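Reading through the structure tokens given below for one structure.
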Amino acid sequence: MTHEAAAASQPFVMDATFWTATTIFLISYVVIISEKVHKTVVAVFAASLMLVLKILSQYEAFHVEELGVDWNVIFLLIGMMTIINLMRPTGFFEYIAIKSAKAGKGDPMRIMTIFAIVTAVLSALLDNVTTVLLLAPVTLLIADALEVDPIPFLIVEALASNIGGTATLIGDPPNIMIASKAKLNFMDFIYNLTPIVIVLMVVLLVIIKIVFGKKLKTREELKQRIMQMNEKEAIKDPLMLKKSLFVLGLVLVGFVFHGTLELQPATVALFGAGLLLLLSNTHEPHHYLAEIEWPTIFFFIGLFILVGGVVKVGLIKLMSLKMLALTQGNLLATSMIVMWFSAIASAIVDNIPYVATMNPLIIDMAKQMWPQETGLALLRHPDLMPIWWSLALGACLGGNGSPIGASANVIVVGMAEKAGKKISFMRFVAYGFPIMLLTVFISMIYVWLRYYVFSF
Amino acid sequence: MKAKDIMEPVKETLTPETTLKEAVNRMRVARRGNGRVGVKGMIVLDNGKLAGIVSIKDILKTIIPSYMNLTELGEFTWDGMLEEMAKKVADRKVEEIMTKDVITVSEDASLMECADHVVKHNLQRIPVLNKEKQVVGIVYIRDIYYAIVQALFDKLDKEERK
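Protein chains in written order, with the numbering used here: chain A, -7 to 448; chain B, 260 to 421.
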């Protein structure tokens, strides 16, 4: 059966419902990109329209995996955010940052390198936003102490967080979404993405050494300001810190084995959150739970329902047919197009709505390429895997292309502006865009060599 | 007694365009309460209308870098940092640092209303507005407290106060 025949056997009608859903979807995305209305407000309202207009039933929105809210993503985010909220007051992150600055002996270039590595590792294990939220204030303090411009440090941290976040299932929201849809586990990401991310980080470090190596200088007496800081003073609650590290360790071990244990990542994260809440002896869980980034959570909920609506009416299928027509079913070409298109799209728009749309599109495309396969055999079809990885690499790394490409960038730019150090759009692009092109290019070579030349 | 009975007249004001350095200087030399008390805050008038209020706390807030509000970094600051930061912000305009949502009272406001504002909003001074919304005086926490002193020890008459 040809692709066209397969598609023709499952016809859909471009009726009034189709056009209503498509219009809601397109207008919402335009408004989200325009930033005229807060993205969460747009997503929740558009989702409610899909339900009120009965394009999607409430049952489908809440209980049908292919059409509605992906609760695995929602609760993985909630669980991890709760753990971080409980861990934050212990002072652990300030401790790490001050310790890193001292390890750099107060030398700006060394500090920038160490901070880039720390940011990448933390971003891989936590989420990018949390990492830069915790490290950027310390970075600003250290730049003031050394009397150097903080902007290169902050931009390098944003870039490193987006690259580092690409490495794991929990590192960046696109990965969480892809993993949940494609039923990929934590170790799949470690085997397939972590190696290339390490290469990309080395490349980033070499580039910052070349670009900033000569320029970043400070005076000896200013270095003493850093060396006189006592990182131990950052620890506010040693007992809670031990509990937090124990639980975080347990959660990471849980992620490593969740595939083998047949536990969903959200289960692991929720268990960690529940256990740490219990161990904290808190009588005021309100504070830790209120600090969860609810606007982000509701943005996801709204988007899932919004995208569910256009999946149901067949818009996504239509798009996947167009894509198949374009690539003629050539898998290598599909991978490359997905990667580059994802990178460019993610630099311009939020990568979360982008991936929310691409996930069902890729599954639909897979259904048409391998109509005899279903379930896991389809989602994890060996020929489909490189396309998932291309989507993850493109969507995550693309975030580096502009100051609005990733949440971490938005936070860094906002924090710098508040500190009186405005990072202009073009200044970010001057650093971020070349890094994005280079990292995506290297990733393209990696995907091509690993999956299409050597096939391992 | 009402607000208008205990308020002090406004002698000096700032404008939104005044620099932080100039504001600090004006507050340094100004005196109130028959020239005995130093000034720790001034109202900001824009074309005669109340635009905001600047207190020494607003100036401290301006000097503390924004990143220090985001997390606990107090232990990692250095000797001389406060002075350095003060020099950095010296040219900022008063309109950038002033408290814009000023709590005000009318001339006929009761002292209880004034006391309530002071405690709820952690204030040191409350501008008093007339019906035309012009500032006619300032009620200070110290003067509200003095009304309490008078109520409990009525032998302390107004003569002694002066």
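Just so you know, even glycine gets a beta-carbon here, dropped at the ideal spot from N, CA and C. Here the structure is a predicted model, which means the values were calculated and not measured.
Under 8 Å Cβ to Cβ from residue i, same chain only, skipping five residues before and after it: list those, please.
i: Pro277 (chain A); result: Leu269
i: Tyr183 (chain A); result: none
i: Val432 (chain A); result: Met331, Trp332, Ala335, Leu385, Gly386, Leu389 and Gly390
i: Leu371 (chain A); result: Lys173, Ala174, Lys175, Ile355 and Ala358
i: Ile323 (chain B); result: Met344
i: Gly333 (chain B); result: Met327
i: Ala411 (chain A); result: Leu132 and Pro142
i: Lys359 (chain B); result: Ala310 and Gly311
i: Val239 (chain A); result: Ile75, Gly264, Leu267, Leu268 and Leu271
I need the DSSP call for residue i, collapsed to helix, strand or coil.
i: Gly300 (chain A); result: helix
i: Met301 (chain B); result: strand
i: Glu283 (chain A); result: coil
i: Lys31 (chain A); result: helix
i: Gly205 (chain A); result: coil
i: His(-5) (chain A); result: Here His(-5) (chain A) scores only 44 on pLDDT, less than 50, and its place in the model is too uncertain to base an answer on.
i: Gly424 (chain A); result: helix
i: Gln2 (chain A); result: Bear in mind that a pLDDT of 47 at Gln2 (chain A), under 50, signals an unreliable position, so the model cannot answer this.
i: Leu388 (chain B); result: strand
i: Ala310 (chain B); result: strand
i: Ile323 (chain B); result: coil
i: Leu118 (chain A); result: coil
i: Arg295 (chain B); result: coil
Output the distance between the C-alpha atoms of residue i and residue j, rounded to the nearest integer angstrom.
i: Leu208 (chain A); j: Phe107 (chain A); result: 15 Å
i: Ser153 (chain A); j: Phe247 (chain A); result: 20 Å
i: Gln157 (chain A); j: Met219 (chain A); result: A small fix is needed here, since residue 157 (chain A) is Gly in this sequence, not Gln. Cα-Cα distance, rounded: 30 Å.
i: Glu52 (chain A); j: Val61 (chain A); result: 9 Å
i: Val395 (chain B); j: Ala89 (chain A); result: 52 Å
i: Leu69 (chain A); j: Leu114 (chain A); result: 16 Å
i: Met315 (chain A); j: Ile329 (chain A); result: 9 Å
i: Leu310 (chain A); j: Leu376 (chain A); result: 19 Å
i: Ile315 (chain B); j: Met301 (chain B); result: 9 Å
i: Leu341 (chain B); j: Arg351 (chain B); result: 16 Å
i: Val405 (chain A); j: Phe335 (chain B); result: 23 Å
i: Gln364 (chain A); j: Tyr87 (chain A); result: 55 Å
i: Asp180 (chain A); j: Val56 (chain A); result: 25 Å
i: Leu48 (chain A); j: Lys304 (chain A); result: 7 Å
i: Arg442 (chain A); j: Ile308 (chain A); result: 29 Å
i: Thr160 (chain A); j: Val23 (chain A); result: 31 Å
i: Pro487 (chain A); j: His250 (chain A); result: With chain A running from -7 to 448 in the structure shown, residue 487 (chain A) is simply not present.
Taking the Cβ atom as the reference point for each residue, do residue i and residue j lie within a distance shorter than 8 Å?
i: Gly294 (chain A); j: Thr15 (chain A); result: no
i: Phe84 (chain A); j: Ser312 (chain A); result: no
i: Ile168 (chain A); j: Val65 (chain A); result: yes
i: Leu273 (chain B); j: Val353 (chain B); result: yes
i: Phe67 (chain A); j: Leu383 (chain A); result: no
i: Val313 (chain B); j: Ile265 (chain B); result: no
i: Val347 (chain A); j: Pro166 (chain A); result: yes
i: Ser394 (chain A); j: Val421 (chain A); result: yes
i: Leu138 (chain A); j: Gly98 (chain A); result: yes
i: Val283 (chain B); j: Arg291 (chain B); result: no
i: Met260 (chain B); j: Ala406 (chain B); result: yes
i: Gly300 (chain A); j: Leu59 (chain A); result: yes
i: Leu127 (chain A); j: Glu149 (chain A); result: yes
Looking only at its own chain, which residues have a Cβ that is under 7 Å from the Cβ of residue i, when we skip the five neighbours before and after it?
i: Gln50 (chain A); result: Leu43
i: Cys373 (chain B); result: Ala262, Val364, Ile385, Val398 and Ile403
i: Val140 (chain A); result: Pro100, Leu208 and Thr210
i: Thr326 (chain A); result: Thr319 and Ile379
i: Glu285 (chain A); result: Met73
Please list the partners that residue i has in chain E, where partner means a Cβ-to-Cβ separation under 8 Å.
i: Ala226 (chain A); result: Looking for chain E here will not work: the only protein chains present are A and B.
In its own chain, which residues sit with a C-beta less than 6 Å from the C-beta of residue i, not counting the 5 before and 5 after it?
i: Tyr423 (chain A); result: Ile147
i: Ala(-1) (chain A); result: Confidence is the limiting factor: at Ala(-1) (chain A) the pLDDT is only 42, short of 50, which leaves the residue's position unreliable and the question unanswerable from this model.
i: Asn392 (chain A); result: Leu151, Asn154, Gly424, Ile427 and Met428
i: Arg102 (chain A); result: Gly96
Hey, is the region 33 to 44 of chain A in contact with the region 288 to 306 of chain A, meaning 3+ C-beta pairs nearer than 8 Å?
Flag = yes, the region 33 to 44 of chain A and the region 288 to 306 of chain A touch.
Hey, is the region 365 to 381 of chain A in contact with the region 110 to 124 of chain A, meaning 3+ C-beta pairs nearer than 8 Å?
Cβ pair count under 8 Å is below three, so no.
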